[in-house]
Each structure stands twice: as C-alpha cells, then as structure tokens.
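Heads up: the structure comes next, in structure tokens.
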Amino acid sequence: MAPRPEFGLQRGETGPNRASDASKKSTVLAVPAFAGPVDDDDEDKKPMYTPSTVEKIINILLCRGDLANQVLEVQPVSIPGLFRFGTSWDHFCLFIGLICAILSGISQPVLALVSGRVTNVLLVYPPNSKEFRNKAYENVYIFLGIGVFIFITNFIQLRYRFIFQFMCFHSCCTRIIAKMRHEYVRAILRQNAGWFDKNHSGMLTTKLNDNMERIREGIGDKLGLLLRGCAMFIASVIIAFIYEWRLALMMLGVAPSTCLIMSFMARKMTSTTMKELAGVGKAGSIAEESLMGVRTVQAFNGQQEMVDRYSAELSRGKAFAIWKGFWSGFLGGFFFFVLFSFLGCGMLYGGYLLKVQIIKTPGEVFIVVMSMLLGAYFLGLISPHLMVLLNARVAAATVYQTIDRVPKIDVYSPLGRRPDSVTGRVVFENVHFRYPSRKDVKVLNGLNLVIEPGQTVALVGHSGCGKSTSVGLLTRLYEPEAGRVTLDGEDVRELNIEWLRNTVGIVQQEPCLFNDTVEGNLRMGNPHISMEQMVYVCKMANAHDFIVKLPKGYETYIGDGGVQLSGGQKQRIAIARTLARDPKVLLLDEATSALDAQSESIVQSALNNASRGRSTIVIAHRLSTVRDADKIVYFEKGEIAEQGTHEQLVALRGRYYELVKAQQFVPEAEDAGEEEIDLNEPDPPAAFQMSRRSTLTDSKRSGYDAFVRGQSMNDSFGQHSHTAEQDAENEARALEVKKIMEEVQQLAISDGVISAGFYDIYKNATGNYHWMLLGLITAMCRGLELPALALIFGYVFEAFTMVPWGADMMHRLCMAVIIFGSVGIGIMLFQLLS
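Numbering of the sequence shown is given in UniProt numbering, commencing with residue 1 and proceeding in unit increments.
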C-alpha cells in the first residue's frame with residue numbers, strides 16, 4: 001500500500017478558520033430567527049390558533065363556514081409577511097405592479113361614466129344641434145384619453161407580460177419562492193433527529209410542493225387581480241353614489257349576491273374536484289400496480305379483476321365529475337341571471353326616478369346602473385382570489401414555522417469547543433435515554449462504557465437493546481435524558497457539532513450515495529481532499545481497483561443512490577468517503593449485514609484496514625465479524641449484561657454464548673458471489689428490467705417512467721443550477737428517453753397500433769351522441785347572448801326617448817324587466833345544459 005498522505009486538512013480546518021467559514025455559510029440567504037432554540041419536548045404542547053372575528057366573517061362570506069371555526073396549529077402570517085424573503089427590488093416591483101393594478105381597476109368605472117355621458121348626448125340633444133357636436137367631441141376626447149390610460153396600465157400590464165406583469169408579479173414571485181425553497185430545505189437539514197422522528201419525509205415533501213404552490217398562487221398575479229377587482233368595485237360604488245344615491249343603494253344588493261354565488265361555486269368546485277381527483281388517483285394507482293406487476297397478474301389470471309377494480313374507481317371519479325359540471329353550469333348561469341335581473345330592475349327604478357324628476361337625464365341612470373353592475377361583476381370574480389390569498393397565509397405559516405425553528409442541537413451553530421487534537425477515548429457515564437416519539441419506552445438505562453484510544457469495541461445484542469442509540473448519542477443526533485457522553489474527557493454537548501461530526505465517522509448498513517461521480521461522492525466527505533489522498537483512502541477501502549475499471553474512472557457518474565454499482569461496491573465507496581475526513585473515531589453500524597458472503601469478506605477487509613489507529617465502535621448481528629474485537633459488549637434492555645473478549649464471553653457460557661450458539665445452527669443464505677457490474681455494457685441494470693413484450697409496458701417504458709419519476713422528485717427540491725457536466729448528463733438522459741419513446745412507437749406499430757384521429761375518438765362515444773348534440777346546440781344558443789343584449793338595450797334606449805317621461809316609458813321599462821329576466825333564465829338553462 002502507498003505511504004499514507006498527510007490529512008492535516010481536516011485537523012487544521014476544524015479550528016477558527018473553519019468556524020468562520022461555517023458561520024459565513026450559515027448566513028447565506030439566512031433570515032433572523034424569531035425564536036430561541038427549541039427542544040423536542042417543547043413541541044408536545046402545540047399552540048392552537050382560533051381565527052379572528054374578521055377572518056371568521058370573511059370565511060362565512062366566502063361560504064367556508066368550516067374554515068371559520070377551524071382551529072389551526074399555527075397563526076396565519078400577515079399579507080406583508082408573505083413577502084418576507086423579497087429583496088428591496090422585489091418590493092419595488094410589487095409596488096409598481098400593484099399601482100398599475102389599482103389604476104387599471106379605476107379606469108373601468110370611469111369608462112362606464114363616459115359611456116353614460118355619451119348616452120346622454122345621443123338621447124337628449126338633437127343630432128344637428130351645436131350642443132350635440134360639442135358634447136360629442138368632448139366625450140370623444142375623453143374616450144381617447146381613457147384609451148391611452150388603459151393601454152398604459154392595462155394592456156402593458158396584462159398583455160405585454162414581459163415588461164410589467166411578468167417583471168412585477170411573475171419574476172418577483174419566482175425569486176421569492178426560490179429563496180423560500182432554499183431556506184426551507186436549509187431549515188429541514190438543520191433539524192435534529194428527534195424532529196425527523198415526528199416529521200416524516202413524505203409530509204415534508206408535501207409541504208415543499210403543495211404549500212409552496214399555494215404561496216406562489218397567493219403572491220403571484222392573483223394578488224394583482226384581487227387588488228384590481230377591489231379598486232374597480234370601490235370606484236364603481238363611489239361614482240354611483242355621487243350621481244344618485246337612491247338608485248345606487250338599490251343596486252348595491254347585486255354585490256353581495258354575486259359574491260355569495262361565486263364563493264359557493266368555488267367551494268363546490270373545490271370539493272367535487274378533490275373527490276374526483278381522489279378517485280382518479282386511486283384508479284391510477286391500480287393501473288400502475290397492475291402494469292408494474294403484469295407478470296403476476298397474468299400468472300394468476302387476474303386481468304379482469306384488475307380491470308373491474310380500475311373501472312370501479314373511475315366510476316366514482318366520473319360521478320363527482322358530473323356533479324362538478326352540474327354545479328359549474330347551474331351556479332355560473334345563476335350568476336348571470338342575478339346580473340340581468342338587477343340590470344332590468346335598475347333600469348325600471350331609474351326610469352321612475354327620471355319620471356319624478358329626481359334624476360335629470362337618462363345618462364345618469366346608465367352611469368349608476370352600469371357602474372354598479374361592473375363593480376359587482378368583478379367583486380364576484382375576486383372571491384376565488386381572496387380564498388387563494390387566505391390559503392397562502394396558512395401555507396406560509398407552516399413553512400415559516402420550520403424555517404424559524406432553531407433546534408437545541410443546531411448543526412449550523414458556530415458555538416462549542418474545537419480541540420486541536422483528539423486521542424479517541426469515548427466514555428458513557430450513567431446514560432439514560434428515551435426517544436422523543438416514544439417516551440413510554442426507556443432505551444438506555446444507566447449505560448456505563450469506556451472505549452480506550454485505538455480500541456475496537458463491538459456492541460451486540462438483540463434488536464432494540466440500545467446499540468444504535470448509543471452511536472446516535474455520541475454523534476449528538478440526540479441528547480441523553482440523564483448522564484453524559486464524553487470524548488477525551490469533554491462532554492460532547494460542549495463541543496462544536498460540526499467539529500464533532502468531522503471527528504467521528506460513521507458507516508451505516510445502507511450506504512447513501514448521490515447522483516454524482518465517484519469523485520463527487522468522495523468529496524462530500526472532504527471537499528478539499530487531494531487526488532493522492534482520494535486514491536489512498538480508496539485503496540484502504542478496497543475500492544480503487546474496481547473504480548479504475550469504470551468507463552471514466554473516478555469521473556464516472558453512478559446514478560441515483562449509486563444504482564450503477566453493486567451493493568459491495570457502494571459500501572466500499574461509502575467507507576472511503578468516511579475515511580476521506582480522517583476520523584479519529586469510527587462507527588460501523590451493521591456495515592456488512594446486507595451483503596452476500598463474498599462481498600462481506602471484501603468489505604470486512606476494508607473495515608479492518610479503516611479501523612487501524614482509530615477508536616472503533618462496531619454494531620453487528622453477525623458475530624463472526626466481531627470475533628477479533630478488543631472488547632465485545634452485550635446489551636440487554638439498555639444495560640450492559642456482559643463484556644469481554646470473544647474467548648472470555650464464550651467461556652462464561654452466558655447470554656453471548658447462547659447467541660453464538662444460536663447463530664451456529666442458523667444457516668445463512670449465501671449467494672454464489674458478487675458480480676461486478678461492467679458499465680460498458682449497453683443494457684440497464686437488471687433491477688430495472690421487465691419483460692420485453694408484455695403490452696407496451698415493457699422495459700423501455702419502465703425505464704422512461706423511472707426517469708420521469710426521478711425528474712419530478714428532483715424538481716421538488718431543485719434550484720435549476722447545474723454544472724456543465726450535469727448539463728451534459730441531462731442531455732444524454734434526454735436523448736436516451738427520446739430513443740426509448742421511439743422504440744415504444746416502433747413496438748406499437750409492430751403490434752398493429754395505428755394513429756387515431758378525432759373521428760376515432762368520437763367513435764368511442766357511442767351512447768352519448770344525443771348529449772353531444774344537445775351540448776352543441778346550447779353552446780350555439782349561448783353565442784346569441786351578446787346580440788340579444790344589444791337588442792334589449794336598444795329597446796331600453798327607445799323607452800328613454802319617449803319625452804315627456806311618463807306612463808309609456810314606465811310600461812316599456814316594465815317589459816324590459818321581463819325580457820332581461822327571461823334572457824337571464826335562458827342563459828342559466830343553456831349554460832347548465834352545455
């Protein structure tokens with residue numbers, strides 16, 4: 001073996017310089033915490049938050065009474081709190097975007113005001129008079145000014161997205177969410193093991209995806225639409241009350257009516273959509289289960305049973321989809337029925353006020369009625385946006401709770417002692433411990449154990465006796481309930497955590513490798529390791545020989561979790577990665593239990609090399625791997641029952657002897673040997689292969705699905721920052737997927753599958769043609785709404801030309817009310833049927 005290179009890098013960098021580097025890293029995009037360190041016990045009594053009276057009223061108005069009385073674990077953040085991770089530039093862009101949204105909202109009621117003035121000109125003044133021309137030109141100029149104003153605030157904001165809306169809302173929202181994701185993942189990695197016992201990875205991924213999406217919707221362009229609708233409604237009400245408060249007061253009832261309808265519609269659509277997607281999701285799970293296990297399904301002739309299960313779940317989803325269509329059509333049509341009814345009643349009451357000379361001109365009637373209808377229409381449309389904003393506040397509260405949580409065992413803390421040298425003497429002094437998630441079970445009950453420098457100590461015993469727990473206490477994954485654990489006489493709680501975990505190396509049963517090169521995985525153990533040191537530790541781990549045989553040697557990508565390597569190869573790289581930091585204390589937690597006999601022999605040899613000159617703690621169930629340990633400690637119920645060398649414990653004929661005897665009579669299923677995987681072979685690893693031709697779910701499609709699932713998981717945490725090598729790898733993957741899809745298409749053609757057009761799709765609609773015809777007819781009828789509305793307005797215009805304004809005008813306006821109501825009923829019926 002080559003001479004040992006100097007590993008002074010780790011020892012030197014665990015001093016003040018390393019501390020300063022750690023503190024610098026911990027401040028990148030960091031947000032000041034609002035709470036002190038939290039112990040796991042502090043979370044047993046979670047605070048409960050009841051919505052305020054204002055929030056209850058808003059939820060009731062939004063037809064969400066269930067949310068009004070809901071008790072939350074965290075208090076929703078304020079609206080400004082949603083932009084907590086925005087920079088000054090982000091806040092400036094948001095301010096400009098919101099100003100544009102407000103101005104755009106104000107411009108619409110002003111347009112209704114000018115339209116009313118034009119109506120006055122057309123109805124009051126003779127067409128050939130000088131007053132007609134002057135008033136007409138005046139309003140044309142006003143229209144032109146409003147058009148330019150709307151172009152600046154509305155067209156540029158909503159259509160020319162790259163300048164205003166994209167910059168002010170989308171790009172700002174994207175930057176804030178990216179920073180929030182960064183801080184959330186950083187905060188997750190900051191938490192201690194006790195926190196992860198109560199917060200599983202699936203729940204954390206859900207928070208990362210679902211909650212971030214809710215926050216993105218809440219702080220995106222929907223906030224601008226919400227503010228725009230509110231500004232439009234307020235401006236409409238002000239204009240209406242300025243011109244005629246009596247008519248405005250009567251028309252004010254349209255606002256809560258439309259708002260309640262849209263809120264009820266949003267609730268129904270949300271509930272039915274969730275139930276529909278739940279049924280479709282279950283059906284998709286059944287389909288995926290059937291296709292992935294197609295061999296088993298066919299072997300037991302279970303095809304029809306799986307089809308029936310799939311159809312049953314689809315039927316449940318179909319029923320909810322039909323109800324969703326019903327509520328969408330009925331409530332959407334009822335919304336327009338209410339608008340048209342108020343429009344007719346407003347014209348009638350306005351005509352009466354005109355008759356009794358309270359209103360002087362017909363244009364004032366149009367201004368008040370159209371302003372209130374316009375404001376009520378957009379007020380009804382903002383209720384879904386308001387619900388999105390409320391959901392964003394709740395989602396942000398759960399995310400911020402994790403971000404603000406500073407655990408008692410803080411891996412980012414620069415505090416703690418950093419000794420210059422370590423001998424490796426480990427002592428457990430009367431240690432008691434219970435897991436935070438299982439406080440009724442005492443795992444360690446007064447553990448006393450001494451590991452001398454350079455000594456190899458094996459911990460054995462039945463599962464659950466406290467072996468792995470002791471290792472967790474040494475690395476400060478947990479803290480003891482009583483007693484203490486010391487390293488060279490120093491309580492580990494007084495040592496810097498980063499320094500401690502650089503000093504104590506661990507090799508676990510299941511090696512965790514990352515989707516990177518061999519060199520990249522090794523540098524995760526020590527980012528500053530030289531190539532000479534890397535080769536040295538790989539030779540010590542018996543990994544160098546197979547690494548150099550890989551296509552690109554140390555530069556070979558090994559896939560997600562090291563999928564390109566065998567179990568023994570992954571374990572040896574994990575050992576080399578641990579040795580890269582030159583730990584003075586080595587922890588081996590079932591490092592060979594998952595390997596076959598030949599792989600175990602190779603890895604065990606690597607572990608023996610790694611243990612030389614280090615204090616080593618070995619946890620093992622296979623007693624044959626610890627026979628040569630300096631001391632063997634038998635654990636039972638969190639206490640040391642026996643300790644000594646292998647020969648001494650066997651001679652005692654106690655618990656250890658019984659365990660040895662039991663293993664001698666239990667035959668181990670040993671494989672014939674480890675097969676080294678050659679990455680030069682074009683075929684994928686056998687673990688990813690299925691039958692070649694069993695429908696279109698063969699090995700190629702299986703590989704494509706695995707790729708898509710891997711990409712979706714990476715996108716959940718991704719920040720879209722890739723190196724050139726990663727970009728090249730991604731491009732190679734894309735070409736591979738394209739090749740797979742081409743092969744799938746070729747298989748489809750060879751199986752007689754031809755491309756299908758719309759006619760082929762409609763052929764599958766047998767039995768539903770009458771519904772399709774009815775939908776087509778009603779959709780065409782709905783296209784007649786605007787022409788019908790133009791005719792009705794012409795009818796109303798003629799009524800207001802009947803000077804003097806008296807009984808004939810009122811009779812004509814009464815007929816207009818009936819016509820408006822009939823059109824509203826027709827719209828409701830046509831929308832429901834379509």
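Yeah, the Cβ is synthetic: ideal placement off N, Cα and C, and Gly gets one too.
Quantities reported herein were computed from a predicted structural model and do not represent experimental measurements.
- The residues Gln-831 and Leu-832, in chain order, have a CB closer than 6 angstroms to that of Gly-329 in the same chain once the five nearest residues on each side in sequence are set aside.
- Looking at Phe-264, Met-387, Tyr-310 and Val-399, the one whose alpha-carbon comes closest to that of Phe-334 is Phe-264.
- Minimum Cα-Cα distance from Arg-653 among the listed residues Gly-638, His-621 and Tyr-634 corresponds to Tyr-634.
- About 7 angstroms separates the beta carbon of Met-251 from that of Val-368, a gap short enough to meet the 8 angstroms contact definition.
- Nearest to Arg-216 by C-alpha distance, out of Lys-275, Leu-82 and Val-307, is Leu-82.
- Between Arg-476 and Pro-453, the gap from beta carbon to beta carbon reaches 7 angstroms or more.
- Across the structure, Ala-574 and Leu-473 are spaced so that their CA atoms are roughly 22 angstroms apart.
- When secondary structure is reduced to three states using DSSP, Tyr-557 falls in the strand class.
- Listed in chain order, the non-local C-beta contacts of Gly-279 below 6 angstroms within the same chain comprise Glu-313, Arg-316 and Gly-317, local neighbours out to five positions each way being set aside.
- Under the DSSP assignment, Asp-197 falls outside any beta strand (DSSP E), being part of the alpha helix (DSSP H) whose first and last residues are 193-198.
- The closest CA to that of Phe-340, considering only Ala-807, Thr-801 and Leu-786, is found on Leu-786.
- Between Val-626 and Val-450, the beta carbon gap of about 18 angstroms keeps them out of contact (Cβ cut-off 8 angstroms).
- For Ala-255, there is no enclosing beta strand (DSSP E); the residue is part of the alpha helix (DSSP H) that begins and ends at 254-292.
- Minimum Cα-Cα distance from Gly-489 among the listed residues Pro-109, Tyr-557, Asn-608 and Val-427 corresponds to Val-427.
- Three or more beta-carbon pairs separated by less than 8 angstroms are not found between the stretch 114-134 and the stretch 380-397, which leaves the two stretches without contact.
- In this structure Tyr-141 is exposed. Its beta-carbon is surrounded by fewer than 16 other beta-carbon atoms within 10 angstroms.
- Judged by DSSP in its simplified three-state form, Glu-481 adopts coil rather than helix or strand.
- In the DSSP assignment, Arg-782 falls within the alpha helix (DSSP H) that extends over 769-782.
- In the structure shown, Thr-174 falls within a helical segment according to DSSP collapsed to helix, strand and coil.
- In this structure, DSSP gives His-385 a helical state, which the three-state scheme calls helix.
- Exclusion of the five residues before and after Pro-511 leaves Lys-570, Gln-571 and Ala-574 as the residues of its chain whose Cβ lies within less than 6 angstroms of its Cβ.
- Looking only at Ile-219, Lys-179 and Ser-437, the smallest Cα-Cα distance to Gly-97 is reached by Ile-219.
- Here Cys-465 is actually not in contact with Gly-293; their C-beta atoms are around 38 angstroms apart, not less than 8 angstroms.
- One alpha carbon belongs to Ser-615, the other to Thr-645, and they sit about 16 angstroms apart.
- Beta-bridge partners of Glu-636 (DSSP): Glu-639.
- Put simply, the backbone Cα of Lys-631 is about 10 angstroms away from that of Glu-647.
- Distances from the alpha-carbon of Ser-413 to those of Leu-189, Thr-174, Asn-128 and Glu-642 put Leu-189 closest.
- Separation of the CB atoms of Arg-581 and Asn-526 is rounded to 5 angstroms, and the pair is thereby assigned contact status at 8 angstroms.
- Distance between Thr-517 and Asp-560, taken at the CA atoms: about 11 angstroms.
- For the 7 angstroms CB-CB criterion, Leu-659 and Ile-617 do not form a contact.
- Counting C-beta pairs closer than 8 angstroms gives fewer than three between the stretch 235-249 and the stretch 280-290, which falls short of the contact rule.
- Non-local beta-carbon contacts of Ala-610 in its own chain, meaning distances under 7 angstroms to residues more than five positions away in sequence, involve Met-540, Ala-541, Ile-575, Leu-579 and Leu-586 in chain order.
- Boundaries of the beta strand (DSSP E) harbouring Ser-615: 615-619, taken from the DSSP string.
- Taking 7 angstroms as the cut-off, the beta carbon of Val-796 is found no closer than this to the beta carbon of Leu-348.
- In the three-state scheme derived from DSSP, where H, G and I count as helix and E and B as strand, Ile-451 is classed as strand.
- Pairing Pro-76 with Ser-371 gives a Cβ-Cβ distance that is not under 7 angstroms.
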